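First comes the structure, then the notes that go with it.
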Amino acid sequence: MGNYIKDRMPDTDGWMPFSGLEDSDALPAGDIYVPLEEWLQNREALLTRNNRLGVLLKNTDDPAQLVPDLERLDLVVLEFPKMADGRAFTQARLLRERYGFKGDIRATGDVLHDQLFYMQRCGINAFELREGENVEASLKAFDEMTVTYQPATDEEFPIWRRDGK
Amino acid sequence: MALQVYTASLLKEGLVAYLCLEEGAASWTSDIREATAGDGDALTTLKITAEKAEQNNLVIAPYAVDVLETDSGWKASTKREQIRAEGPTVSLPRDASTVSITAAGRQAA
Amino acid sequence: MYQYSEQDHQLLLERVEQFRGQVQRRLKGQLSEDEFKQQRLRNGLYLQLHAYMLRVAIPYGLLSAEQMRTLAHIARKYDKGYGHFSTRQNIQYNWPKLEDVPDILDDLAAVEMHAIQTSGNCIRNTTSDPLAGVARDEHEDPRPYCELIRQWSTFHPEFNFLPRKFKIAVTGAIGDRAAVAVHDIGLKLVEGPDGNNGFEVYVGGGLGRTPMIGKLIREYLPKEDMLTYLEAILRVYNQLGRRDNLYKARIKILVHETGEEKFRELVEAEWQKIKSTGLHLREQDIQRIKDFFNDPDYENLADTDTEFENMLLSDPEFARWADKNTELHKQSGYRIVYLSLKSANQPPGDVTADQMDAIADLADKYSLGHIRTTHRQNLVLSDVKLKDLVALWGELKALDLATPNYNHLTDIISCPGLDYCALATARSIPISQAITERFDSYDFVNDLGDLSINISGCINACGHHHVANIGILGVNKKGEEVYQLTLGGSAREDASIGKIIGPAFDADQIVDAIGDVLSVYLENREDPEETFLTAYHRLGQAPFKEKLYG
Numbered sequence: 001m002g003n004y005i006k007d008r009m010p011d012t013d014g015w016m017p018f019s020g021l022e023d024s025d026a027l028p029a030g031d032i033y034v035p036l037e038e039w040l041q042n043r044e045a046l047l048t049r050n051n052r053l054g055v056l057l058k059n060t061d062d063p064a065q066l067v068p069d070l071e072r073l074d075l076v077v078l079e080f081p082k083m084a085d086g087r088a089f090t091q092a093r094l095l096r097e098r099y100g101f102k103g104d105i106r107a108t109g110d111v112l113h114d115q116l117f118y119m120q121r122c123g124i125n126a127f128e129l130r131e132g133e134n135v136e137a138s139l140k141a142f143d144e145m146t147v148t149y150q151p152a153t154d155e156e157f158p159i160w161r162r163d164g165k
Numbered sequence: 001m002a003l004q005v006y007t008a009s010l011l012k013e014g015l016v017a018y019l020c021l022e023e024g025a026a027s028w029t030s031d032i033r034e035a036t037a038g039d040g041d042a043l044t045t046l047k048i049t050a051e052k053a054e055q056n057n058l059v060i061a062p063y064a065v066d067v068l069e070t071d072s073g074w075k076a077s078t079k080r081e082q083i084r085a086e087g088p089t090v091s092l093p094r095d096a097s098t099v100s101i102t103a104a105g106r107q108a109a
Numbered sequence: 001m002y003q004y005s006e007q008d009h010q011l012l013l014e015r016v017e018q019f020r021g022q023v024q025r026r027l028k029g030q031l032s033e034d035e036f037k038q039q040r041l042r043n044g045l046y047l048q049l050h051a052y053m054l055r056v057a058i059p060y061g062l063l064s065a066e067q068m069r070t071l072a073h074i075a076r077k078y079d080k081g082y083g084h085f086s087t088r089q090n091i092q093y094n095w096p097k098l099e100d101v102p103d104i105l106d107d108l109a110a111v112e113m114h115a116i117q118t119s120g121n122c123i124r125n126t127t128s129d130p131l132a133g134v135a136r137d138e139h140e141d142p143r144p145y146c147e148l149i150r151q152w153s154t155f156h157p158e159f160n161f162l163p164r165k166f167k168i169a170v171t172g173a174i175g176d177r178a179a180v181a182v183h184d185i186g187l188k189l190v191e192g193p194d195g196n197n198g199f200e201v202y203v204g205g206g207l208g209r210t211p212m213i214g215k216l217i218r219e220y221l222p223k224e225d226m227l228t229y230l231e232a233i234l235r236v237y238n239q240l241g242r243r244d245n246l247y248k249a250r251i252k253i254l255v256h257e258t259g260e261e262k263f264r265e266l267v268e269a270e271w272q273k274i275k276s277t278g279l280h281l282r283e284q285d286i287q288r289i290k291d292f293f294n295d296p297d298y299e300n301l302a303d304t305d306t307e308f309e310n311m312l313l314s315d316p317e318f319a320r321w322a323d324k325n326t327e328l329h330k331q332s333g334y335r336i337v338y339l340s341l342k343s344a345n346q347p348p349g350d351v352t353a354d355q356m357d358a359i360a361d362l363a364d365k366y367s368l369g370h371i372r373t374t375h376r377q378n379l380v381l382s383d384v385k386l387k388d389l390v391a392l393w394g395e396l397k398a399l400d401l402a403t404p405n406y407n408h409l410t411d412i413i414s415c416p417g418l419d420y421c422a423l424a425t426a427r428s429i430p431i432s433q434a435i436t437e438r439f440d441s442y443d444f445v446n447d448l449g450d451l452s453i454n455i456s457g458c459i460n461a462c463g464h465h466h467v468a469n470i471g472i473l474g475v476n477k478k479g480e481e482v483y484q485l486t487l488g489g490s491a492r493e494d495a496s497i498g499k500i501i502g503p504a505f506d507a508d509q510i511v512d513a514i515g516d517v518l519s520v521y522l523e524n525r526e527d528p529e530e531t532f533l534t535a536y537h538r539l540g541q542a543p544f545k546e547k548l549y550g
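Sequences listed follow chains A, B and C, in order.
The first sequence runs 1 to 165 under my numbering.
The second sequence runs 1 to 109 under my numbering.
The third sequence runs 1 to 550 under my numbering.
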């Protein structure tokens, strides 16, 4: 959907968002991700699938609710409803650093070139860019800053404690 | 039936400018007295012209300002817009050697 | 003073390049104003009433002479020849052009300065005591901790899109000269149980529409836990701070609505999970920064000087200045000197380029090459020898920086107000000038003693009127500028929010009203030693109301 970057490369999005599990008799084939509520209600059924599984969190959801299932999940999708709403930065960091999630974390919503560096530092590795964003230019965002001060998912220590100091 | 002019900030300089529309030719001036005022359809035309200048990245955030007529031209009706048109009401600190910056003057849209 | 490492420099250069790219994309129309606005704010660039405004950071208020000269150069080359020192120890330029800003940032970067995060919903400049390192009532110099906070908060990837702006202040003395009580987070170094120092942690102070005094959520925090604890507070705020209403989005509202106790629990619960992670400060991490702030090689000087003492007796003008604008220093033979930016001739806090250059020279000549800014919009030369005071005074007088009014009536804080600010509802600078003109008698000002007047041109309270002994708030009533009076505020260790005294005054009545307030004080004080604030607390509002409204 739109301009999609994964692991610092342009990519095609192989996932399908799906909701309304209650109403459907058969789940679609392929890799799907569902809203958290539906995941919690239909885990068993979903876990029997052979495809990859993903969950979509609202930025007011507590990612701790996914902890029992993180081993089985391949994707968590986080939302940035407006560029200024930075709650998902915390969700991403917690998923990576506290809960040890190893799958893909994707940013959707108002995702612009100018936040990609911060998003990446917080552990987000896949990006659905906002309509109109230029993929080529956006790829450069990951390398725009080579110096970071504080720990995040990419650095355990602040700048004054790195290099085995 | 208040008359209004259109104002905005110039993108590059950040300075205040007012829209003049004469025979379809648009330009921006720093002097509110010379702005084009209108209401009804004429105002709509001003609005469209101002928004086009915004889309063309000449100005930022155009909006309409109520004006009153005076002998020397238009004057803004609110204190805020008067100050915006005329500059700070206090003298700017100056060194003896300061070169004054020339006014924006008329600029083609 | 902290010296940039290669990496610090690299970071600045990369940021300037990044912003240069953003400016170019904006000018070409590849970025809309909405998108660009977030970026330009995070580089300190506002759009104000008449022009852009650039706010340059002065971390914890400390400047080198070289940096001051660059500030002068910027004023001269890119602006209208002056700058304005703000209530958060920063400097503001009122007339930069967008296309010049990347070059301005380059010039700043060359002297280890920047405009990073001086605007936007992110962690702002950490402010501190302008007398840090030299005050006699100091437990410990707070500046190393400010520097650690600066590094931790700069481009913090998780906390760059907070619900609202975030302001931190740190002090290390008994007196509070940094308004710690009205910051989002206030840290006060205090003596700890184990003989070490640690922090009292205050959260949820603030001014604006809903002024509040910060709540003590941690009585004692060991130094090593400073950054992990701050991270915990910010994480709770990022997750739970309100995003639905701009006017309810500061952390003070979160603390208020959650309840102090519950808020503390949330922070402690989060902190327990991260207290041993990478941000935990080891002894050597703190010492490394402290080493940049060691005492200079003070000379061994007596605390007397013949020339100084003679001048005190023979020159009343000098004596007034020495009394008001100098302060005892922790080191014998030295003094702290206040540079008053509150003469009648310029708006409060404004300094011309020539003055800045001259101040830089004075710093080099008399004060070990450093200058401090204060939140009351003045400057400080922190390490002046007693025997140099006479000479320094002569030079300050020539520069109009020697008005003997520090912490007295005409040492007024004024926000830029409607003359400059797009948010303002009334003008503030003309009011400060009118007050200064009316009460120009030194004897009168002196007799009033310790007294603060702060003026804000709108409800956002950038002039800190809530925490002044006499606060003035300019509002718009049916198109006219009118002024509300509050009494009894304080920004110091006895912090309090002033109370509105009654209906607002017109612009031509407000100075008389101030006069009335002052005469009530003079008529009712117990003795000349009783300050205005103490008298107000004792007397209550009644006599003031009576005099003002009859």
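Note that the Cβ used here is the ideal one computed from N, Cα and C, for glycine as well.
Since the structure is predicted, the reported quantities are computational estimates derived from the model, not experimental observations.
Where residue 383 (chain C) falls: helix, strand or coil (DSSP) = Here residue 383 (chain C) carries a strand assignment [DSSP, helix/strand/coil].
Contact check, residue 181 (chain C) vs residue 171 (chain C), beta carbons under 8 Å = No.
Count the other CB atoms within 10 Å of the CB of residue 44 (chain B); is the residue buried (16 or more) or exposed (fewer)?
-> Only exposed fits residue 44 (chain B), as fewer than 16 other CB atoms lie within 10 angstroms of its CB.
From C:455, C:449, C:446, pick the residue whose C-alpha is nearest to that of residue 433 (chain C); which is it?
-> The shortest Cα separation from residue 433 (chain C) among C:455, C:449, C:446 belongs to C:455.
Below 6 Å CB to CB, which residues in the same chain sit around residue 87 (chain A) once its five sequence neighbours on both sides are set aside?
-> Cβ within range, chain order: 59.
Determine the burial state of residue 48 (chain B): buried for a count of at least 16 other Cβ atoms within 10 Å of its Cβ, exposed for fewer.
-> By the 10 Å Cβ count, residue 48 (chain B) comes out exposed.
Between which two residues does the alpha helix (DSSP H) containing residue 70 (chain B) stretch?
-> Counting along the chain, no alpha helix (DSSP H) covers residue 70 (chain B); the unbroken beta strand (DSSP E) around it starts and ends at 59 to 70.
Every unbroken alpha helix (DSSP H) within the region 180 to 265 of chain C, with a cutoff of 4 residues, ordered by chain | List check, alpha helix (DSSP H) in window: 226 to 240, 251 to 258.
What span of residues does the beta strand (DSSP E) with residue 18 (chain B) cover, start to end?
-> Membership of residue 18 (chain B) in the beta strand (DSSP E) is indicated by the continuous run 16 to 22.
Looking at the structure shown, is residue 583 (chain C) part of a helix, part of a strand, or coil, going by DSSP?
-> Because chain C is modelled from 1 through 550, residue 583 (chain C) falls outside the range shown and cannot be assessed.
Alpha carbon to alpha carbon, what distance is there between residue 85 (chain B) and residue 102 (chain B)?
-> In this prediction, residue 102 (chain B) scores a pLDDT of 34, lower than 50, which makes its location untrustworthy; no coordinate-derived value is stated.
Can you tell me whether DSSP reads residue 355 (chain C) as helix, strand or coil?
-> Residue 355 (chain C) falls in the helix class under three-state DSSP.
So, helix, strand or coil for residue 165 (chain C), using DSSP?
-> It is coil, neither helix nor strand.
Leaving aside the five residues before and after residue 121 (chain C) along the sequence, list all residues of the same chain whose C-beta is less than 7 Å from its C-beta, in chain order.
-> Cβ neighbours of residue 121 (chain C) beyond the five flanking positions: 161, 162, 163, 164, 165.
Beta-bridge pairing of residue 2 (chain B) - partner residues as DSSP gives them = Per DSSP, none; premise fails for residue 2 (chain B).
Any chain B beta carbon closer than 8 Å to residue 97 (chain C) | Closer than 8 Å: yes.
Range of the contiguous beta strand (DSSP E) that encloses residue 54 (chain A) = Annotation: the continuous beta strand (DSSP E) that includes residue 54 (chain A) extends over 53 to 56.
Residue 6 (chain A) - partner residues in DSSP beta bridges = Its beta-bridge partners are A:9, A:126.
Span of the alpha helix (DSSP H), counted from its first residue to its last, around residue 172 (chain C) = First-last for residue 172 (chain C): undefined, no H or E at that position.
Specify, as a first and last residue, the run of the alpha helix (DSSP H) that residue 117 (chain A) falls within.
-> Where residue 117 (chain A) is concerned, the enclosing alpha helix (DSSP H) stretches over 116 to 121.
What did DSSP end up calling residue 466 (chain C) once you bin it into helix, strand or coil?
-> Collapsing the DSSP output to three states places residue 466 (chain C) in a helix.
Cut-off 8 Å between Cβ atoms - residues of its own chain near residue 99 (chain A), not counting five sequence neighbours on either side | The answer, listed in chain order, is 63, 64, 66, 67, 70.
Just the C-alpha distance for residue 400 (chain C) and residue 343 (chain C), rounded to the nearest angstrom, thanks.
-> Cα to Cα, the separation comes out at about 7 Å.
Chain A residues whose Cβ lies nearer than 9 Å to that of residue 290 (chain C) | Chain A residues near residue 290 (chain C): none, gap ~12 Å exceeds 9 Å.
Determine the direct distance from the alpha carbon of residue 136 (chain A) to that of residue 362 (chain C), and round the result to whole angstroms.
-> Using only the alpha carbons, I get a separation of about 52 Å.
Count the CB pairs spanning the region 325 to 335 of chain C and the region 57 to 69 of chain C that are closer than 8 Å, and state whether there are at least three.
-> Verdict: no, contact absent.
Between the region 426 to 442 of chain C and the region 507 to 516 of chain C, do at least 3 Cβ pairs fall closer than 8 Å?
-> Because the criterion of three Cβ pairs below 8 Å is met, the region 426 to 442 of chain C and the region 507 to 516 of chain C touch.
Per-residue contacts from residue 73 (chain B) into chain C (C-beta, under 8 Å) = By Cβ distance, chain C contributes nothing, its closest Cβ being about 20 Å from residue 73 (chain B), past 8 Å.
Compare the C-beta of residue 67 (chain B) with all C-beta atoms of chain C and state if any pair is closer than 8 Å.
-> No, residue 67 (chain B) does not count as interfacial toward chain C.
Chain-ordered neighbours of residue 352 (chain C) on chain B, where CB pairs are closer than 9 Å | Correct list: 93, 94, 95, 98.
Proximity winner among C:282, C:227, C:248, relative to residue 267 (chain C) (alpha-carbon distances) = For the residues C:282, C:227, C:248, the minimum Cα distance to residue 267 (chain C) belongs to C:227.
Taking all protein chains shown into account, decide if residue 28 (chain C) is buried (16 or more other Cβ within 10 angstroms of its Cβ) or exposed.
-> Looking at its Cβ environment, which holds fewer than 16 other Cβ atoms inside 10 Å, residue 28 (chain C) is exposed.
Where the region 100 to 129 of chain A meets chain C: residues whose CB sits under 7 Å from a CB there = Hits within the stretch, in order: 112, 114, 118, 121, 122.
Confirm, please, whether the CB-CB distance from residue 370 (chain C) to residue 134 (chain C) is below 8 Å.
-> Going by C-beta atoms, residue 134 (chain C) is not nearer than 8 Å to residue 370 (chain C).
Any Cβ of chain C within less than 8 Å of the Cβ of residue 147 (chain A)?
-> Chain C contact via Cβ: present.
Check the Cβ-Cβ distances between residue 30 (chain B) and every residue of chain C, and say whether any is below 8 Å.
-> Taking Cβ atoms only, chain C never reaches closer than 8 Å to residue 30 (chain B), which makes this a no.
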